[in-house]
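Enquirer: Residue numbers (the numbering used here): 146 to 250.
Ideal Cβ placement from N, Cα and C applies to all residues, glycine included.
Just so you know, these numbers come straight off a predicted model, no measurement behind them.
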């Protein structure tokens, strides 16, 4: 917040993006755990989990992780995940070290 007590629009953007990333991280974590259990035979392999498993075989981002939960991206799964980790690191640095000196749009 600036000294006058207002709200900085970039701060609002940052909080909204962090909410989206936290939601996506929770979704990735839960679906990966459930898929692991389904592969072991501990839970039933639903159509959604089978679609996710097949996405891994073709190096595609699973639909359950895609839009609208995630950001638009045409990269294959391995590149998408690297980009996802980079975005999380960027947002974490912004939160802990302050806003970047410049922005790329």
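Only counting the same chain, and skipping five residues up and downstream in sequence, which positions put a Cβ closer than 7 Å to that of residue 168?
Expert: 214
Enquirer: Assign residue 180 to buried or exposed, taking buried as 16 or more other Cβ atoms, counted over all protein chains shown, within 10 Å of its Cβ.
Expert: buried
Enquirer: So, with DSSP's three-state summary, where would you put residue 181?
Expert: helix
Enquirer: Which of the three DSSP states, helix, strand or coil, is assigned to residue 239?
Expert: helix
Enquirer: Hey, would you say residue 209 sits closer than 8 Å to residue 193, going by beta carbons?
Expert: Note that the C-beta distance between residue 209 and residue 193 is below 8 Å.
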